[in-house]
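In the working numbering, the protein residues as written are 228 to 484.
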Amino acid sequence: MRNFLIAGNWKMNCGISATTELLNGIKEITTSLPKGVDGLVCPPSISLHAAANVLQGIEGLSLGAQNVHFEDNGAYTGEISTQMLNEIGCEYVILGHSERREYFGETDKIVNAKVLKSLDDDLKIVICVGESLKERKADEHKLRVRKQIQAALTAVEEKDAAKVVIAYEPIWAIGTGETATPDQAQEMHKMIRSVLEGVFSQKKAEKIRILYGGSMKPHNAEELLQQPDVDGGLIGGASLKADSFTEIIDIADQLSS
Ligand code: 13P
228 MRNFLIAGNW KMNCGISATT ELLNGIKEIT TSLPKGVDGL VCPPSISLHA
278 AANVLQGIEG LSLGAQNVHF EDNGAYTGEI STQMLNEIGC EYVILGHSER
328 REYFGETDKI VNAKVLKSLD DDLKIVICVG ESLKERKADE HKLRVRKQIQ
378 AALTAVEEKD AAKVVIAYEP IWAIGTGETA TPDQAQEMHK MIRSVLEGVF
428 SQKKAEKIRI LYGGSMKPHN AEELLQQPDV DGGLIGGASL KADSFTEIID
478 IADQLSS
């Protein structure tokens, strides 16, 4: 019922030539993603235009940005607007990644402003949430994630539910090689869906995709994607190689058919 979404967050990797090379590498492996899987790549903003050109030759693989500002335009040195993303051909934008929250001071309030602006300008959004190791050890992880989602979705309208994707990324699993166990992921994803049911109607919440992120690799993707509320992955390191990224897409395809 929910198509898998396999998304690559390239973070601060791949300038124009490396972007073109990586996407051409994917194109050599496949020019059309399997029906049951939607793909997404999110290169750095400077490489989005180059990426858009190559992506025209890969069916089913969309383009996304890693961040956006919440104002239309103006004196915001270094920032990029939603309209700029529209113009360049972005369909998605990642919002509230833990690295943005930690290193760039993004608060729940800022994330919410970006969510509202992006939806207004017709971008699909991938809202990232997740707890620290300290919060998990203190058994505060569910509360933390619930609050992040409720804050991010404040004032979001029911009509925009179809444009929302949530990515659960436990901070302790990002770039560490340590993943949440399938049970830990499912437990959190199930709770996230119940939070979404409080924000939107149950019917809409059922359709929202909840991705897992944090050291997802070809060797652990199957057990995570098998969980009933895990609808895809937000992949960092393993999305930077054409073969590992397409391998995860193939795993999702096998599970969906
Ligand atoms: P890794 O897959 O490298 O752990 O990164 C996950 C992530 O932060 C994706 O947004």
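Where a beta carbon is used, it is the ideal one built from N, C-alpha and C, also for glycine.
| Query | Result |
| --- | --- |
| Extent of the continuous beta strand (DSSP E) to which Y395 belongs | V391 to Y395 |
| Beta-carbon proximity of Y319 to L267, cut-off 8 Å | yes |
| Stretch-stretch touch, CB-based, cutoff 8 Å, three pairs: the stretch 289-302 with the stretch 356-375 | no |
| Buried/exposed call for S442, threshold 16 Cβ in 10 Å | buried |
| Minimum C-alpha distance to V349 - residue among A365, M311 and G323 | For clarity, residue 349 is Asp in the given sequence; the question names Val instead. It is M311 whose Cα lies nearest to the Cα of D349. |
| Reference N447; option with closest CA among G425, E474 and D456 | E474 |
| Ligand 1 heavy atom lying under 7 Å from the CB of H324 | yes |
| Cα-Cα separation, F331 to L482 | 37 Å |
| Range of the contiguous alpha helix (DSSP H) that encloses R229 | That residue, R229, is in no alpha helix (DSSP H); it is neither H nor E in DSSP. |
| Proximity test, A292 beta-carbon vs ligand 1 heavy atom, cut-off 7 Å | no |
| Residue of A394, G425 and P270 minimising C-alpha distance to A412 | A394 |
| Check: L461 C-beta below 7 Å from any heavy atom of ligand 1 | yes |
| CA-to-CA distance, V338 to E306, given in whole angstroms | 15 Å |
| Reduced DSSP category for N251 - H, G, I as helix; E, B as strand; rest coil | helix |
| Residues that I216 bridges to, as DSSP identifies them | Residue 216 lies beyond the residue range present for the chain, which begins at 228 and ends at 484; the question has no answer from this structure. |
| With 16 other Cβ atoms within 10 Å as the buried cut-off, status of T246 | buried |
| Burial state of N280, where buried means 16 or more other Cβ atoms lie within 10 Å | exposed |
| E329 Cβ short of 7 Å to ligand 1 heavy atom set | no |
| According to DSSP, residues forming a beta bridge with K351 | Y319 |
| C-alpha distance - A278 paired with G284, whole-angstrom precision | 11 Å |
| Three-way DSSP call (helix, strand, coil) for L467 in this model | coil |
| DSSP-derived helix/strand/coil call for N236 | strand |
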